[in-house]
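Numbering-wise, numbering that gives the first Met the number 0 puts 182 at position 183 of the sequence shown, and it's gapless, one number per residue.
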Amino acid sequence: MAFQTINPTINAVIKSFDETNDAALEKSVAQATTTFNEWKNTDYQTRSQLLYTVAGLLRAKRRELAQTITLEMGKLLVHAEGEIKLSAEIFDYYAKNAESFLADKILNPVHGKALIRYSPVGILLGIQPWNFPFYQVARFAAPNLMIGNTVLVKHAANVPQCAMAIEALFIEAGAPLGLYTNLLLPIPKVTKLIADKRIRGISLTGSEIAGASVATEAGKHIKKSVLELGGSDAFIILEDADIDKAVDWAVVGRINNNGQCCVASKRFIAVESIADEFLEKFKNKLAALVVGDPVDPATNLGPLCTEAAAVKIADQVKRAVDGGAKILLGGKRVDREGAFMQATILTDVAPENPVFYEEFFGPVALFFKVKDEAAAIALANDSPYGLGGSVFTQDIERGNRVANQIDTGMVFINHPTWTQADLPFGGTKGSGYGREMAQLGLDEFVNKKLIRVSELSDPF
Numbered sequence: 000m001a002f003q004t005i006n007p008t009i010n011a012v013i014k015s016f017d018e019t020n021d022a023a024l025e026k027s028v029a030q031a032t033t034t035f036n037e038w039k040n041t042d043y044q045t046r047s048q049l050l051y052t053v054a055g056l057l058r059a060k061r062r063e064l065a066q067t068i069t070l071e072m073g074k075l076l077v078h079a080e081g082e083i084k085l086s087a088e089i090f091d092y093y094a095k096n097a098e099s100f101l102a103d104k105i106l107n108p109v110h111g112k113a114l115i116r117y118s119p120v121g122i123l124l125g126i127q128p129w130n131f132p133f134y135q136v137a138r139f140a141a142p143n144l145m146i147g148n149t150v151l152v153k154h155a156a157n158v159p160q161c162a163m164a165i166e167a168l169f170i171e172a173g174a175p176l177g178l179y180t181n182l183l184l185p186i187p188k189v190t191k192l193i194a195d196k197r198i199r200g201i202s203l204t205g206s207e208i209a210g211a212s213v214a215t216e217a218g219k220h221i222k223k224s225v226l227e228l229g230g231s232d233a234f235i236i237l238e239d240a241d242i243d244k245a246v247d248w249a250v251v252g253r254i255n256n257n258g259q260c261c262v263a264s265k266r267f268i269a270v271e272s273i274a275d276e277f278l279e280k281f282k283n284k285l286a287a288l289v290v291g292d293p294v295d296p297a298t299n300l301g302p303l304c305t306e307a308a309a310v311k312i313a314d315q316v317k318r319a320v321d322g323g324a325k326i327l328l329g330g331k332r333v334d335r336e337g338a339f340m341q342a343t344i345l346t347d348v349a350p351e352n353p354v355f356y357e358e359f360f361g362p363v364a365l366f367f368k369v370k371d372e373a374a375a376i377a378l379a380n381d382s383p384y385g386l387g388g389s390v391f392t393q394d395i396e397r398g399n400r401v402a403n404q405i406d407t408g409m410v411f412i413n414h415p416t417w418t419q420a421d422l423p424f425g426g427t428k429g430s431g432y433g434r435e436m437a438q439l440g441l442d443e444f445v446n447k448k449l450i451r452v453s454e455l456s457d458p459f
C-alpha cells in the first residue's frame, strides 16, 4: 500500500513514504502500553494543559498546516484554515470541560451509597479518513486523552504529511512518547493490530465496507468500536421556507469540502408548490461557482481528493443517466488537469435507478419534487443511511415535528447538517453507531465503574 502525497489539483506525486514496519509497530504498541500505565494516573490539570498547548500550536501554525491539507486532498485553502480553527476549538473544549463531565455521578440507591466513577480503558486505535485530516483526528484524540487513554492513529494513505504533522504537534507540545502515535499501516496490518490484546477499542470514520470489516474484527475479539460511516443527508424545503436562504444554505451544504462530507446535503427534497422556484435558483447558484486552484481565493469549487474519486463519481453520474435520470446541470469532468468534476444536478432519479440508494461523495446533487410534507419525510427516510438531515421552514414548531420523524442521528432546522465541539455527532442505520464530540464524546471508551458502600444493616 502506497502512502503518497499526490496533489489532486495537478494529479502529481509530490512525495512517497514507507509504511511502518513490524518492528516499529511492535515498539509503538509497547510504548503506548507503558505510557498508558503512567498517563492514566495523571490529573486532569496535566492532561488539559497538554491539550491547551496543542490547541495553541494549531492556531500558531494555522496557515502552514492548512497548506498541507490543501496540497494533499484539495480542500479550498480558506476552508482548510477553518478546519484547523475547529480542531483547536475541540482540543480547548475537552481541556476545559472533561474534568466536570467525568466527575463522579452520585446515585441514590434504596440501600447504601453508590456512585459511578469514570476511568480509562487503555490503548485505542483510531482509523481516520482523508476528507478532514485534522478535525477527524481531533474529535477522536482530544476526549480520549482527557479520559486517560493513549491513542494510535492509522490515517488515510493519501494524507501522510497531515498525519505526521499532527504527531509532530504533540511532540512539540511535550506529550510523553507513546501518548499519541501515528502509524502508516496497510489494511492487513490494521486487521492484525485490532486483534492485539493490548488494544482495547477501535474508532473508525470511513466507508460502510471498512466499517463492517472493523466491526467484525473488533467483535471477534470482544472490543468496543465506534463507527461513523457514510451518509446521504436529505435537505427538505417546505412550502413556507425562506427560499433564498434555503438556496444559499443548499449550495454550502452540497459544495462544502468540494462535496466530500459524510454529512453533506445530498438529496434535495422540495414540496411541489415551491420546487420549481427553489430548483431554478439552486441551479443558477451552482452554475456560477468558480472552479479552480484551491489556493486561489476566487475559487469556490476545487478538485476531488484523488483522480480515482473523480473517475468514480463521473461513473456514478453516467450510471444514473443510464438508469433514467436527467442531468439538469453539469454531469461531466472539468476540462482541465486535476481531479475536477463539474457541479451537477440530477433529477428524475427513481427508486429503480441503480444509484438511488448510493452516496454521492462529490459535487453532485439529487433533486426530488414531492407532493407534501408527509411525502418529504417518507423520501428522506427511504435511505440505508441515517447520519444527518435538514428541514427548512419558518415555522419552528413544524420543523421540530418533522425532525422528530426523520430517522437520523442529527437533524438541523434551517441549516445544513454541521459540526462543532459542543454538539454530539453520529448516526444510525448504515451510517454507523456511537457518538463523538460534546459530552457524549467522552462516553464511548471509558469504564463507567459502579462503586457501592454497604450499610451495616444492608439486606444483601
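Cβ coordinates follow ideal geometry from the N, Cα and C atoms, glycine included.
> Hey, which unbroken runs of the beta strand (DSSP E) at 3 residues or more fall wholly within the stretch 291-370?
Replying inline: The beta strand (DSSP E) runs lying completely inside the stretch 291-370 and spanning 3 residues or more are 325-328, 343-346, 363-369, given in chain order.
> Taking the Cβ atom as the reference point for each residue, do Leu182 and Val225 lie within a distance shorter than 8 Å?
Replying inline: Note that the C-beta distance between Leu182 and Val225 is not below 8 Å.
>> Using the Cβ count rule (16 or more neighbours within 10 Å means buried), how would you classify Thr69?
In response: Counting Cβ neighbours within 10 Å, Thr69 comes out buried, since at least 16 surround it.
>> Using the three-state DSSP reduction, which class does Leu441 fall into: helix, strand or coil?
In response: In the structure shown, Leu441 sits in a helix (DSSP, three-state: H, G or I).
>> Less than 6 Å between C-beta atoms, sequence neighbours within five positions excluded: which residues of the same chain meet that for Arg434?
In response: Here the set comprises Pro423, Gly425.
> CA-CA distance, Val410 and Gln393?
Replying inline: Cα to Cα, Val410 sits roughly 16 Å from Gln393.
>> Run through the DSSP bridge pairs and tell me what Gln3 is partnered with.
In response: Paired residues: Ser15.
> Exposed or buried, Ala65, counting other C-beta atoms within 10 Å across all chains shown (16 or more means buried)?
Replying inline: That one is buried.
> Tell me which same chain residues have a C-beta within less than 6 Å of the C-beta of Ile236, skipping the five on either side of it?
Replying inline: The residues are Ala245, Ala269, Phe277, Phe391.
> According to the neighbour-count rule (16 or more other Cβ atoms, all chains shown, within 10 Å of its Cβ), is Ile186 buried or exposed?
Replying inline: Classification for Ile186: exposed.
> Given that a residue counts as buried once 16 or more other Cβ atoms are within 10 Å of its Cβ, and exposed if not, what is His154?
Replying inline: In this structure His154 is buried. Its beta-carbon is surrounded by 16 or more other beta-carbon atoms within 10 angstroms.
> What residue does the beta strand (DSSP E) around Glu227 start on, and which one ends it?
Replying inline: 223-227 is the extent of the beta strand (DSSP E) around Glu227.
>> Please classify Gly173 as buried or exposed, where buried requires at least 16 other C-beta atoms within 10 Å of its C-beta.
In response: By the neighbour-count criterion, in which a residue is buried when 16 or more other Cβ atoms sit within 10 angstroms of its Cβ, Gly173 is exposed.
> Thinking C-alpha only, which one of Tyr93, Ala162, His110, Ser118 is nearest Gln127?
Replying inline: Considering only alpha carbons, the answer is Ala162.
> Where in the stretch 69-146 do unbroken runs of the alpha helix (DSSP H), each at least 4 residues long, occur, reported from the N-terminal end onward?
Replying inline: You should have 76-100, 134-146.
> Among residues of its own chain, excluding the 5 on either side of Glu238, which ones have a beta-carbon nearer than 6 Å to its beta-carbon?
Replying inline: Excluding positions up to five away in sequence, the list reads Val270, Ser272, Ile273.
>> Would Ala338 and Pro362 qualify as a contact pair, given that the criterion is a beta-carbon distance under 8 Å?
In response: Cβ distance not < 8 Å, so Ala338 and Pro362 don't count as in contact.
>> Within a Cβ cutoff of 8 Å, which residues of the same chain sit near Thr298, ignoring the five residues on either side of it in sequence?
In response: Contacts found: Leu75, Val289, Val290, Gly291, Asp292.
> Looking at C-alpha atoms only, which residue of Ile13, Gly147, Ala22 is the closest neighbour of Gln44?
Replying inline: Minimum Cα-Cα distance from Gln44 among the listed residues Ile13, Gly147, Ala22 corresponds to Gly147.
>> Checking 8 Å against the spacing of the C-beta atoms, do Met436 and Arg138 come in under that value?
In response: Yes, the pair counts as a contact, with Cβ atoms nearer than the cut-off.
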